[in-house]
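Remarks on the structure that follows.
2 protein chains.
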Amino acid sequence: MESVVLDGLLRPKSIAVIGASTDPSKIGYTVVDNIIKSGFEGPIYPINPSADEILGLKVYSSIGDCPGEVDAAVITVPAKFVLSVIEEAGKKGVKGLIIITSGFGEVGNKELEAEVVAKAHEYGMRILGPNIVGTLSNAEKLNASFAPVLPLPGKGALVSQSGALLIAMDMATFTRKVGFEKLISIGNMSDVDFADLVEWLDNDDNTSCISLYIEGFKDGRKFLNAAKKAKKPVIALKSGVSAHGAAAAASHTGSLAGAAKVYGAAFQQAGVVQATDLGNLFDLSLALSLQPAMKGDNLMVVTNGGGVGVLSADAAEKYNLPLKFAPKELQEELKKHMPPFGSAKTPADLTGMAGYDWYHDSIKAAFSHEWVDGLTVLYCETAMTNPMDIAKGIKKAIDESGVTDKPVTVSFVGGENSEKAMQWLVENHIPAYAGPDVAIHAISALREYARMKEIVNEPEEKIENVDRAKAMEIIKAAREDGRNALTEIEAKDVFRAYGLPVTTTKLSKTEDQAVELANEVGYPIVMKIVSPDILHKSDAGGVKVNIKNDEACREAYQTIMANAKAYKADANIHGVAIQEMAPWGTEVILGSVNDSTFGPTMMFGLGGIFVEVLKDVTFRVAPVSTKSAARMISEIRGAPILAGVRGEAPRDQAVLAETISRYANMIVDLADEVSESDANPVLVYEEGKGLKVVDARIILK
Amino acid sequence: MESVVLDGLLRPKSIAVIGASTDPSKIGYTVVDNIIKSGFEGPIYPINPSADEILGLKVYSSIGDCPGEVDAAVITVPAKFVLSVIEEAGKKGVKGLIIITSGFGEVGNKELEAEVVAKAHEYGMRILGPNIVGTLSNAEKLNASFAPVLPLPGKGALVSQSGALLIAMDMATFTRKVGFEKLISIGNMSDVDFADLVEWLDNDDNTSCISLYIEGFKDGRKFLNAAKKAKKPVIALKSGVSAHGAAAAASHTGSLAGAAKVYGAAFQQAGVVQATDLGNLFDLSLALSLQPAMKGDNLMVVTNGGGVGVLSADAAEKYNLPLKFAPKELQEELKKHMPPFGSAKTPADLTGMAGYDWYHDSIKAAFSHEWVDGLTVLYCETAMTNPMDIAKGIKKAIDESGVTDKPVTVSFVGGENSEKAMQWLVENHIPAYAGPDVAIHAISALREYARMKEIVNEPEEKIENVDRAKAMEIIKAAREDGRNALTEIEAKDVFRAYGLPVTTTKLSKTEDQAVELANEVGYPIVMKIVSPDILHKSDAGGVKVNIKNDEACREAYQTIMANAKAYKADANIHGVAIQEMAPWGTEVILGSVNDSTFGPTMMFGLGGIFVEVLKDVTFRVAPVSTKSAARMISEIRGAPILAGVRGEAPRDQAVLAETISRYANMIVDLADEVSESDANPVLVYEEGKGLKVVDARIILK
């Protein structure tokens, strides 16, 4: 369905309230009252078969009776009546349904919810909800909800899966002084979901940033695609990231919380900025709704106090945007706008004597300098200077610099005058915060946003030389054999079909054949039992390494077969694998899972103790571009091992990145067949020498 | 000097202002004005040779002329006059000097600063400053500073090394609604330092919590000891923890910022709660000044909204206090105070309908239940309930429970009514915050404080069987030899003198002696070149392992000597070490450094790649108790390896902890001699089988 379809829902020219009430204690009264009070300019039609007038408005007994067109209908009647009022709304030609009523999927009544959606779609209507607070927009002058007031005006939109939180945040916009253009309650997401809203809001002229409070997705991949395409910043606060939190989330909304790591990876891939907590969601919404992305790493900090300056340097390192010293000529320029005991290094310390002039002059110089990619201005209130003067100096300097493609954030530490000055700055579209670390966190989010978008906006890569038919043939054969676990040889054949460099592995069914294949592969070799009934090959005495000649090969064949039979007498034994013995390399692991929210998802990490003890692994929802794979390699803690430590040559990270990307392509291509898989260990060699997948495992769906 | 000596400085009964001025633009005027305005009840003596009256007060031409006793003198005259006015103050019998004047150590004028201190001490006077804002106390009704007003009243004291930040934070107490009883500017700490203030404030009846903004210590160990002894919570915000931040701090105050890791370790050892940023310093000051420590891990959360509930569960995990489900009987009790669709699990979700009664009843039940060690109450403002009612329900339930030894924190998310209700709670000594994660962070700090104090309050352990004389003899011999690096054999002998289990290592000077000693030690053995001129023994071909018999021993001796001579013809060769070959074990590293702030400091980590690549190490200022050593072992990321992974038996962590403790004792005992040392690798065996130090290194001062 087209994005414009949501216009009737979110930008209605006329609105009906089905279940409007004359009783002020009822939601059906509150909603009508709210729509009127918010100043909605189109016709409002209260619907109630047993009333004549509500709050001075004429009441209609059914939606069919309304004299004009009705774009949106707010529904507040009990759940059992919803289906029939939808039918009427459909016949009337309503475009969007805002179903406040609860008692659907969230209490297990999923069947009714599905019927409601089916009925609405029959008439081409879209549904927000059910089980929501409603929707609020300053631009539309519309509070179609039971939240008490329109939020403090701002430029961002907030979509919340928790209704209670939406109401509380609505009120908090006034105390936190962070406004929103829109608040949208999304509830059960029976129809319109986060992805739809991201798409629609991305095209809404009144919205500059999209903030989301998420408990769980129904279709993670749909969200991922919508967020990737968004031209505006998307911020997500994902709750239920702890094990206990996930349990609480599940009982709360009935949606399954995905693994925190996979969500984190998906947000990163989609260029979605992750908020750390509720306060941070407000803070980042302010910055990302008012300021452009930060396109480079050079952050300038200007301060009047060494203390907050040092705290900002600490915060910059914490938030992955470490301060650097500016070029000499900029330092020389800055020195003109401070006393001799000031410091032109980053942070530039104008000293406590700095007033309007020094702030203005130094900021203007810094902000227009090409080295500077972003600016954070700090001010510690003093008895000698006036916060509002400083605020005006900042604003004027920014304006006069003529620079509009770099971000600026501000922090004032002080009392009421500082608060008023910060409020003035925010009204003038400069985000201001009560602590230096918060201002730094905010600008670092603008930097992180740009960094993520660089990868998100890469062209998609087409992986070549793939033999899908071959892979499907192997999988089909295993299924016909009644198995859902491929043998190592089969798994390697599938990997090979997707161009992954696996060790040569052949199946021998007799001792003579073993010797023959060993000579084909070339000594030294590894020999392993091949049996779908023996999963732990080493435990069964089914593995022999470093076999150097025919004699040893024969001996090993006999031993392995004898051990296997002793281990499990009735095992179905395919034979003994004759495998190239790969030289030593750095062990890594590649793997995939089928995430319940995001589908095929790629994992990468260093092997052995790193994966088993340190859990030093990283995820990406597949497919994964080579560049994104390179970021996976560099973001694990053990990354220096691959970059080369203790005088060792760097490992072949280019081929590793390509292999990860290929592997990810494979799990997408085989998404309907493969449930889990891994290549473990993969031995990575020196730069230019590639890698080898030594063992392979594929579990079918 | 006794703690009481600071009474004259911080609790004066009379005060003089030396450098008092009639010019309102001068600090000498502001200070007099501030003292008057703050309501100080004792005599105020402005001192100025060329004025008669300031702000209605009689002016004295010198402090000697003041009619009564003078407890404290605030000094605002230029630096060059300070020495002479101190002389006069001393003669007058002044007890404390509050030296606001700058232009001393912070601009390199250290000599004058030292003279000032010497002169003050001559007369038994203590100095706060120089280069400070002054000191402010609500209880004393005294603003002896140039900060504009007394802070919003509260129960904690704040000591700040940054004057600008102190002024800004003073004003911010009103906007953040977090009060302080005292603000003390500490400046150059020429005399009174953090340790002195911690000690004095710990005995001050008006102070319940001590908050510190620290840029650097002059004497870390003095602070450590004072903080350890403190019976009240101490909170530290240490700035300059990043590399860049440390550089900025150094240029700002001239004090050297210690390594972040060592500071972190020292704070933990002293039971000092570390604030993460400026906002967090306010937040934690509120909680720790109003609430008792949390003595167990069972946190109950009560909420009216699932959304904030889930966010609190996430935060609890993040802040190391993961939520657990309460016992059945408590759940049953809680169920009585919520609708059927509420949840009695943690968080207990009373649902959006919860008002005064349900909050009151469920909190009273939970808070008085023995399972509960601490409580966080969350409230999401709704249109149906009144925040002030909820606040009163919380307060009444806490009071009626009769429980006073468990902490409670609160979060209200909402608008102005929520803000007012939270302010009321704070006035009633219940810390309340605008976000669920902040309330959880605050209560987790109360838990962490109790955890740390458990270790801090352990009785000191006396390490026995130490042969200090033997160690000193070895060190003396090396010094006489003109060396500051001990050989491996010497270092092991020092370790042995302190009871560390080193591998038997003997020095052979001839081939025959090598064989003789090899038989004494017992085959297999390791043989190594011993030469102060060959540090990289392996590179020089100077190491042979797994020597199994006399013949191999002779051959190895010859080869090692030949290699050594080939490597460095003029090397001073002591001989060849004959060393017991320790069986394989888990590699760990023990080491020590002499930290510039804290002195002898212990390091522990897993060996090999863990220390070299992952920097997976942890520190403690020495000495280190066995229990503290056990915490070191468990806090490294690789801890599971020592606990036993992949079916391996657990390592002997008891002996490891004892060895760390012994090692730490050694570096304290030899603090005047040893600059750095390490035992690397140390091989740790299965439980009950101890460990062996395989290689040792000691660098002398």
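Residue numbers (my numbering), protein chains in the order written: chain A, 38 to 738; chain B, 38 to 738. Where a beta carbon is used, it is the ideal one built from N, C-alpha and C, also for glycine. Quick caveat, the model's predicted, so the values are computed rather than measured.
Show which residues of chain A have a CB atom less than 9 Å away from the CB atom of residue i.
i, result
"ASP474 of chain B", "THR313, ASP314, LEU315, GLY316, ASN317"
"ALA471 of chain B", "ALA209, THR212, ARG213, LEU315, GLY316"
For the alpha helix (DSSP H) containing residue i, name the first residue and the last one.
i, result
"ALA116 of chain A", "116-129"
"GLN305 of chain A", "297-307"
"ALA691 of chain A", "690-706"
What residues from chain B crowd round residue i, counting only those whose CB sits closer than 8 Å?
i, result
"ALA201 of chain A", "ASN341, GLY342, GLY343, GLY344, VAL345, GLY389, CYS417, THR419"
"VAL682 of chain A", "ILE646, GLU649, VAL650"
"ILE204 of chain A", "CYS417, GLU418, THR419, ALA420"
How would you list, in chain order, the residues of chain B whose beta-carbon sits under 7 Å from the beta-carbon of residue i?
i, result
"GLY452 of chain A", "MET208, ALA209, PHE211, THR212"
"SER481 of chain A", "Chain B residues near SER481 of chain A: none, gap ~13 Å exceeds 7 Å."
"SER276 of chain A", "GLY344, VAL347, LEU348, ASP351"
If the cut is a Cβ gap below 8 Å, which residues of chain A does residue i touch?
i, result
"ILE678 of chain B", "ILE646, VAL650"
Residues in the same chain with beta-carbon distance under 7 Å from residue i, minus the five sequence neighbours each way, listed in chain order, please.
i, result
"PRO637 of chain A", "SER629, ASN631, ALA659, ILE704, VAL705, ALA708"
"ALA482 of chain A", "VAL310, LEU321, ALA324, LEU325"
"LYS664 of chain A", "ILE492, GLU495"
"TRP395 of chain B", "HIS374, MET375, LEU387"
"SER712 of chain B", "ASN631, ILE736, LEU737, LYS738"
Does residue i have its Cβ less than 8 Å from a Cβ in chain A?
i, result
"ILE123 of chain B", "no"
"ASP530 of chain B", "no"
"ALA606 of chain B", "no"
Hey, quick one: how far does the beta strand (DSSP E) through residue i stretch, first residue to last?
i, result
"ILE100 of chain A", "That residue, ILE100 of chain A, is in no beta strand (DSSP E); it is neither H nor E in DSSP."
"LYS490 of chain B", "Element bounds for LYS490 of chain B: not the beta strand (DSSP E) but the alpha helix (DSSP H), 473-493."
"TYR160 of chain A", "Counting along the chain, TYR160 of chain A falls outside any beta strand (DSSP E), and DSSP gives it neither H nor E."
"MET564 of chain B", "562-567"
"ASP207 of chain B", "It is not in any beta strand (DSSP E) - ASP207 of chain B instead sits in the alpha helix (DSSP H) that spans 200-213."
"ALA181 of chain A", "179-182"
If I measure Cβ to Cβ from residue i and keep anything under 6 Å in the same chain, skipping five residues before and after, which residues do I get?
i, result
"LYS581 of chain B", "MET564, ALA593"
"LEU358 of chain B", "LEU336, SER481, ARG484"
"ARG688 of chain B", "THR623, LEU679, VAL721"
"ARG558 of chain B", "Checking the sequence shown, residue 558 of chain B turns out to be Val, not Arg. The answer, listed in chain order, is THR541, ILE615, GLU617."
For chain B, find out if any of its Cβ atoms is closer than 8 Å to the Cβ of residue i; answer yes or no.
i, result
"GLY675 of chain A", "yes"
"SER75 of chain A", "no"
"GLU354 of chain A", "yes"
Quick one: which chain B residues come within Cβ less than 9 Å of residue i?
i, result
"SER455 of chain A", "ALA205, MET208, ALA209, THR212"
In chain order, what residues of the same chain lie with their CB nearer than 8 Å to the CB of residue i, ignoring the 5 residues before and after it?
i, result
"ALA330 of chain B", "PRO270, PRO444, LEU483, ARG484, TYR486, ALA487, LYS490"
"ASP732 of chain B", "GLU525, ALA716, ASN717, PRO718"
Exercise. Just by C-beta distance, which residues in the region 162-192 of chain B are closer than 9 Å to chain A?
Worked result: PHE183, ALA184, PRO185, VAL186
Exercise. Residues in the region 497-512 of chain A with C-beta within 9 Å of chain B's C-beta atoms, listed in sequence order?
Worked result: none
For this session: Determine which residues of the region 237-253 of chain B have a Cβ less than 9 Å from any Cβ of chain A, and write them out in chain order.
Result: TYR250, GLU252
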